[in-house]
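Colleague: Provided herewith is a single structure, encoded as structure tokens, for subsequent inquiry.
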DNA sequence: TCCTAAAACGAAATGATTTCTATTTAGGAG
DNA sequence: CTCCTAAATAGAAATCATTTCGTTTTAGGA
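Residue numbers (this note's numbering), protein chains in the order written: chain A, 1 to 144; chain B, 1 to 144.
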């Protein structure tokens, strides 16, 4: 159990409960995104009781406070990814093996300024994500 | 009924059925994205019979063939938008009034090349969308 | 005009996600 | 080290947007 995670939770104003830490630990160390149910199934044997809603709730709270990030998936189900990179960045996600690579820079802030200058208004958030096949999966058939 | 829509459907290899055209017509002329159910409710009185699944199916098919585009919404429900701009581009969507503005250029192709060069693999699609409040909605309270 | 694949119907199913109420717990205060 | 309280969890049940299915209708080329 990474002590740094407890710290990250404290900074996010969240209690460092064992289950919350376990969820975070499980996401960490993977280079893949995972669904709530998958994480739940893998964590069940670590706890005598662990509800699926607890996993859903924690993942959502962690994403909201920026500790983990959401993946936008074509099947529109929820997937989450833990990223050590604390800088603002984006992801290239493999639709086959679920590997996630960081995208270095995006220059999207300039785009935001341009849009606001032209249309007015306010940009609250942006989504930038590349979907595809990672180096290992490309050429090994279609994505699942 | 815009005759151009029938043509667009033909080009997409889809039959120009009255309902499909009506869905397309309704989306056209708006600068807002709409949900399947909203479109269905507004179209019901134009037809003695119109099933909600029909609206869902058509919107999905139209989006798949590139005639309309999907909006990625924080509530993860489906929304669609008709865009006259046939060039590759992206959108700034207002989370309050649902207005959609085109984003001129994105330079994302260069980013794709950069990512592939670094990590290998293949980019199948990308998502770029700005979420916020349009000029009219900014400063009028929080988004719904 | 015919024919056939495509489209539409609509009731029913689906299933991921959320809600709800009661119970437990983390962690700051004393 | 206790207490206390807000926060977190359990788990069953509900939700509800979306999809499926088998049947009927229709667009549009032959």
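Where a beta carbon is used, it is the ideal one built from N, C-alpha and C, also for glycine.
Is it the case that the stretch 56–67 of chain A contacts the stretch 107–120 of chain A, given that we only count it when at least three CB pairs across the two stretches are under 8 angstroms?
Modeller: No, they do not touch.
Colleague: Output, in sequence order along the chain, the residues in the stretch 108–121 of chain A whose CB is closer than 7 angstroms to any CB in chain B.
Modeller: Result list: 111, 112, 115, 119, 120, 121.
Colleague: Find the nearest neighbour of residue 134 of chain B within the set A:126, A:129, A:119, A:136, judged by alpha-carbon distance.
Modeller: For the purposes of this step, residue 134 of chain B is taken as the residue at position 134 of the second chain. The option with the nearest alpha carbon to residue 134 of chain B is A:119.
Colleague: Measure from the alpha carbon of residue 32 of chain B to the alpha carbon of each residue in B:50, B:47, B:95, B:11, then state which is nearest.
Modeller: On the second chain, position 32 is the one that residue 32 of chain B refers to. Checking every option, the nearest Cα to that of residue 32 of chain B belongs to B:95.
Colleague: Inspect the beta-carbon positions of residue 65 of chain A and residue 83 of chain A and report whether they are closer than 8 angstroms.
Modeller: Residue mapping note: residue 65 of chain A aligns to position 65 of the first chain, counting from 1. Residue mapping note: residue 83 of chain A aligns to position 83 of the first chain, counting from 1. The answer is no: Cβ separation not under 8 angstroms.
Colleague: Using a beta-carbon distance cut-off of less than 7 angstroms, what residues from the stretch 66–78 of chain A approach chain B?
Modeller: Under the 7 angstroms Cβ criterion, the stretch 66–78 of chain A contributes 72, 76.
Colleague: Output, in chain order, the set of chain B residues within a Cβ distance shorter than 8 angstroms of residue 135 of chain A.
Modeller: As a working note, residue 135 of chain A is residue 135 in the first chain. Those within 8 angstroms of residue 135 of chain A in chain B are 119, 120, 121.
Colleague: Using a cut-off of 9 angstroms between C-beta atoms, extract the partners of residue 101 of chain A located in chain B.
Modeller: For this step, residue 101 of chain A is matched to residue 101 along the first chain. Simply 115, 118, 119, 121.
Colleague: Quick one: what's got a C-beta closer than 6 angstroms to residue 72 of chain B's C-beta in the same chain, skipping five residues either side?
Modeller: Residue 72 of chain B sits at position 72 when you count from the first residue of the second chain. 129.
Colleague: For chain B, is any of its Cβ atoms less than 8 angstroms away from the one on residue 85 of chain A?
Modeller: Within the first chain, the letter at position 85 stands for residue 85 of chain A. Judged by the 8 angstroms Cβ criterion, residue 85 of chain A is not in contact with chain B.
Colleague: Taking the straight line between their C-alpha atoms, what separation do you get for residue 28 of chain A and residue 52 of chain B?
Modeller: The residue given as residue 28 of chain A occupies position 28 in the first chain. The residue given as residue 52 of chain B occupies position 52 in the second chain. Cα to Cα, the separation comes out at about 42 angstroms.
Colleague: Measuring CA to CA, which of B:19, B:97, B:18 is closest to residue 140 of chain B?
Modeller: What you label residue 140 of chain B is simply residue 140 of the second chain in a count that begins at 1. Measuring from the Cα of residue 140 of chain B, the nearest candidate turns out to be B:97.
Colleague: At the 8 angstroms Cβ level, is residue 16 of chain A part of the contact set with chain B, yes or no?
Modeller: Counted from its first residue, the first chain places residue 16 of chain A at position 16. So, not an interface residue.
Colleague: Apart from the five residues on each side of it in sequence, which residues of its chain come closer than 8 angstroms, Cβ to Cβ, to residue 43 of chain A?
Modeller: Within the first chain, numbered from 1, the residue matching residue 43 of chain A stands at position 43. Here the set comprises 19, 22, 23, 26, 50, 55.
Colleague: Can you name the start and end residues of the beta strand (DSSP E) that residue 28 of chain B belongs to?
Modeller: Translated into positions along the second chain, residue 28 of chain B becomes position 28. Counting along the chain, residue 28 of chain B falls outside any beta strand (DSSP E), and DSSP gives it neither H nor E.
Colleague: Interface residues of chain B around residue 31 of chain A at Cβ under 9 angstroms?
Modeller: One-based indexing of the first chain puts residue 31 of chain A at position 31. The contacting residues do not exist; residue 31 of chain A stays about 11 angstroms from chain B at best.
Colleague: Label residue 47 of chain A either buried or exposed according to how many other C-beta atoms from any shown protein chain fall within 10 Å of its C-beta, with 16 as the threshold for buried.
Modeller: Here residue 47 of chain A refers to the residue found at position 47 of the first chain. With fewer than 16 Cβ atoms within 10 Å of its Cβ, residue 47 of chain A is classed as exposed.
Colleague: Would you mind giving the Cβ-Cβ distance between residue 91 of chain A and residue 103 of chain A, rounded to the nearest angstrom? I have them listed as a contact below 8 angstroms.
Modeller: What you label residue 91 of chain A is simply residue 91 of the first chain in a count that begins at 1. What you label residue 103 of chain A is simply residue 103 of the first chain in a count that begins at 1. Indeed they touch by this definition, with Cβ atoms about 6 angstroms apart.
Colleague: At a CB-CB cut-off below 8 angstroms, which residues of chain B make contact with residue 132 of chain A?
Modeller: Here the question's residue 132 of chain A lines up with position 132 in the first chain. 121, 122, 123, 124, 125, listed in chain order.
Colleague: Compare the C-beta of residue 94 of chain B against all C-beta atoms of chain A and say whether one is closer than 8 angstroms.
Modeller: By one-based count along the second chain, residue 94 of chain B stands at place 94. Answer yes: the Cβ-Cβ gap between residue 94 of chain B and chain A drops below 8 angstroms somewhere.
Colleague: In chain B, which residues lie with their C-beta within 8 angstroms of the C-beta of residue 138 of chain A?
Modeller: Numbered from its first residue, the first chain carries residue 138 of chain A at position 138. Near residue 138 of chain A (Cβ distances below 8 angstroms), the residues of chain B are 120, 121, 122.
Colleague: Excluding the five sequence neighbours on either side, which residues of its own chain have a C-beta within less than 8 angstroms of the C-beta of residue 117 of chain A, listed in chain order?
Modeller: Translated into positions along the first chain, residue 117 of chain A becomes position 117. None.
Colleague: Just to confirm, are residue 107 of chain A and residue 121 of chain B a CB contact at a threshold of 8 angstroms?
Modeller: For the purposes of this step, residue 107 of chain A is identified with residue 107 of the first chain, where counting begins at 1. For the purposes of this step, residue 121 of chain B is identified with residue 121 of the second chain, where counting begins at 1. Not closer than 8 angstroms, so no.
Colleague: Residue 52 of chain A touches chain B at which residues, Cβ-Cβ below 8 angstroms?
Modeller: Residue mapping note: residue 52 of chain A aligns to position 52 of the first chain, counting from 1. Those within 8 angstroms of residue 52 of chain A in chain B number zero; the least Cβ separation is about 18 angstroms.
Colleague: In whole angstroms, what is the alpha-carbon distance linking residue 80 of chain B and residue 137 of chain A?
Modeller: Here residue 80 of chain B is taken as the residue at index 80 of the second chain, counted from 1. Here residue 137 of chain A is taken as the residue at index 137 of the first chain, counted from 1. So the two alpha carbons sit approximately 31 angstroms from each other.
Colleague: Measure the alpha-carbon distance for residue 30 of chain A versus residue 100 of chain A and round it to whole angstroms.
Modeller: The residue you call residue 30 of chain A lines up with position 30 of the first chain. The residue you call residue 100 of chain A lines up with position 100 of the first chain. Cα to Cα, residue 30 of chain A sits roughly 9 angstroms from residue 100 of chain A.
Colleague: Compute the Euclidean distance between the alpha carbons of residue 144 of chain A and residue 34 of chain B, then round it to the nearest angstrom.
Modeller: Sequence index remark: in the first chain, residue 144 of chain A carries index 144 (1-based). Sequence index remark: in the second chain, residue 34 of chain B carries index 34 (1-based). Confidence in residue 144 of chain A is poor, its pLDDT being 42 and thus under 50, which makes the residue's placement unreliable; the coordinate value appears in the next sentence. Answer to the nearest angstrom: the Cα atoms are 30 angstroms apart.
Colleague: In chain B, what lies closer than 9 angstroms to residue 24 of chain A by C-beta?
Modeller: The residue labelled residue 24 of chain A in the question sits at position 24 within the first chain. Here the premise fails: no neighbours, minimum Cβ distance about 23 angstroms.
Colleague: Relative to the C-alpha of residue 131 of chain B, which candidate in A:132, A:126, A:38 has its C-alpha closest?
Modeller: Here residue 131 of chain B is taken as the residue at index 131 of the second chain, counted from 1. Closest option to residue 131 of chain B, Cα to Cα, is A:126.
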